[in-house]
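Asker: Take a look at the following structure, please.
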Amino acid sequence: MKADDLEITIVFDNYPGKPKLTPLWGFAAFVQLPDQTILFDTGSNGPVLLKNIETLGLNLNDVNSLFISHPHWDHIGGADAVIEQNPHLHLFVPASLSKHLIHDVKKQVREVTVINQQAAQLFDHVYSTGTMNEEYIGEQAMIIDTTAGLVVITGCAHPGIVAIAQKARQILDREILLLMGGFHLLNESPPTIQQVIRSLQQASVRHVCPTHCTGDLAKAMFKESFAERYIEGGVGTRVSLP
Ligand SMILES: [Fe+2]
Ligand SMILES: [Fe+2]
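Residue numbers in the sequence shown follow our numbering, run continuously in steps of one, and reach 247 at the last position.
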């Protein structure tokens, strides 16, 4: 059985979205499934994250797990504030997170699971790619297996957005319905971005929602290439399935 009922809300992003929400550098998303509510990353600033969550009508106390993509400040900066308000969390952290930080946070939350290079199932329909690229900036992406295809959420995509998409396909052998999050193309040239777009289209990625560190140029190029299959990302963007 696949996940049929899924709602993802971007609660922290440097791209502006709805009024009354504060955009700041970083990324975080609320992932709501029938039996799980997961917070993906925490942005760079706790008070702004909590305020955005509240303004969006979401409740941090409904969250039962926190997924950390990679140890950069713009993804873990709000973690203290999140844990302070909700210490009942199960954390899924990449093996690249500081051992000292893991040691300390274990005393503050319900449970901590360190994800190594191996892909892992976290819950029904929810997977981690495993910590990719551990020698550089080890990062994990989240995969949600839905009836219509895979939904893949990335933090910064430091291992490469194409490598992440390919790994997700390898793990679950299904097409990617939606690829969303930071694609880390902000310093790339138009030919490189075009190559990335081609590779993702060849990998049968249906919809994209590139935001955070994707960069203005890459966002515009994705918008042109994916047309009606492009979703504008920003703080407050909500994607629902079915
Ligand atoms: Fe980032
Ligand atoms: Fe990063």
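C-beta atoms are modelled at their ideal positions from N, C-alpha and C, and glycine is treated no differently.
For residue 6, does the three-state DSSP call read helix, strand or coil?
Answerer: Reliability fails at residue 6, whose pLDDT of 47 lies under 50, so the model's placement of it is uncertain and the value that follows must be treated cautiously. Of the three classes helix, strand and coil, the one that applies to residue 6 here is coil, per DSSP.
Asker: Does residue 6 pass the burial test, meaning 16 or more other C-beta atoms within 10 Å, or should it be called exposed?
Answerer: Low per-residue confidence applies at residue 6: pLDDT is 47, beneath 50, and the placement is therefore not dependable enough to give any value.
Asker: At a cut-off of 7 Å, would you count residue 214 as near ligand 2, judging by its Cβ distance to the nearest heavy atom?
Answerer: no
Asker: Hey, is the segment 144 to 161 in contact with the segment 174 to 188, meaning 3+ C-beta pairs nearer than 8 Å?
Answerer: yes
Asker: List the DSSP bridge partners of residue 125.
Answerer: Its beta-bridge partners are 133.
Asker: Kindly provide the chain-ordered list of residues whose Cβ lies closer than 7 Å to any non-hydrogen atom of ligand 1.
Answerer: This criterion selects 31, 32, 77, 79, 80, 160, 161, 187, 217 and 218.
Asker: Assuming contact is defined by CB atoms lying nearer than 8 Å, are residue 99 and residue 140 in contact in what I supplied?
Answerer: no
Asker: When you compare only the Cα positions, how much space is there between residue 44 and residue 195?
Answerer: 33 Å
Asker: Report the option in 198, 75, 241 and 151 whose CA atom is closest to the CA atom of residue 103.
Answerer: Minimum Cα distance to residue 103 is reached at 75.
Asker: Could you compute how far the alpha carbon of residue 150 sits from the alpha carbon of residue 204?
Answerer: Roughly 21 Å separates the two Cα atoms.
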